[in-house]
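This report refers to the structure that appears directly beneath it.
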């Protein structure tokens, strides 16, 4: 898709729309750091903010969003706010309470997107299938009650998705996974797309480790951009929705400036197949220790 700005949108399989780039808040410390970062992102044009209960910063995200709306700089319906279920809250009753807590912490009447953060956390490992089914049922009820607009999943592989779809009445429209130079997860991407899901890319810069890669620097120099901008642009050209993160205002602005250049097919292929990047491999969701 030929996106031209941060407010351009992907159409989701449930009919809703989502801004093509989201602002990530993982590792943004609750309090002033996260508040300032989210406000800076909104000021420079981001309209899609991604957080999670596990990040511990929903209150700061909500405070920044409330302040921006209070200033009259946009309407609530112009924003897209996403958060995720904590690993400790898998199960029907737990998820119901977790959704209410996120709404309260974010100071919102509804969430645009709510995702199951991990499919198989250690707390419910022996019963992950039923725990996910119960949590997802609570999420579906919240959709019917107008508290959530769209449902998604994160870090799910094919067998997790297949299990969830056995009981789901509302199909998830997004799978948020790690996608960055050298990490393309083709099997998960292909299966997710076959089930009507858009892929969101967290850690699109490989948590910063890719920024010193010589091949990436060369591509960035060709386009007179930063390596970070190349990473975000590459995600868009693969049909992914990138979630770049930073707590520095200048980098937040720079990471959003990706609409004035285009990578060649050769460059995209090279980026996708990069070796020895130093990036931490994808975690196995069935063996995570949290």
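Residue numbers (full-length UniProt numbering): 1 to 290. Every residue, glycine too, gets a C-beta built ideally from N, C-alpha and C. If you're wondering where the values come from, they're calculated on a predicted model, not measured in any experiment.
When the beta-carbon positions are compared, residue 60 and residue 83 stay at least 8 angstroms from each other. Rounded to whole angstroms, the separation of the alpha carbons of residue 75 and residue 245 is 23 angstroms. Ranked by Cα distance from residue 195, the options 209, 216, 161, 145 are led by 161. In this structure, the beta-carbon distance from residue 206 to residue 277 falls below 8 angstroms.
The residues 49, 65, 106, 108, 111, 112, in chain order, have a CB closer than 7 angstroms to that of residue 81 in the same chain once the five nearest residues on each side in sequence are set aside. Rounded to whole angstroms, the gap between the alpha carbons of residue 190 and residue 151 is 19 angstroms. Relative to residue 171, the option among 147, 15, 77 whose CA is nearest is 15. By alpha-carbon distance to residue 157, the top candidate from 147, 89, 186 is 186. The DSSP-derived three-state label of residue 92 is helix. Inter-residue distance for residue 175 and residue 135 is about 16 angstroms (C-alpha atoms, whole angstroms).
Short of 7 angstroms from the beta carbon of residue 259, and not among the five residues preceding or following it, lie these beta carbons of its own chain, in chain order: 3, 4, 5. Judged by their CB atoms, residue 155 and residue 128 are not nearer to each other than the 8 angstroms cut-off.
In this chain, the alpha helix (DSSP H) harbouring residue 130 covers 128-144.
Beta-bridge pairing by DSSP links residue 10 to 18.
For residue 149, the uninterrupted beta strand (DSSP E) run begins and ends at 148-154, by DSSP. For the pair residue 226 and residue 149, the Cα-to-Cα distance works out to about 35 angstroms. According to the DSSP secondary-structure assignment, residue 202 is paired through a beta bridge with 178, 243. Remark: C-beta atoms of residue 63 and residue 35 approach each other more closely than 8 angstroms. Under the DSSP definition of a beta bridge, residue 171 lacks any partner. Across the structure, residue 284 and residue 123 are spaced so that their CA atoms are roughly 16 angstroms apart. When rounded, the separation of the alpha-carbon atoms in residue 216 and residue 85 is 34 angstroms.
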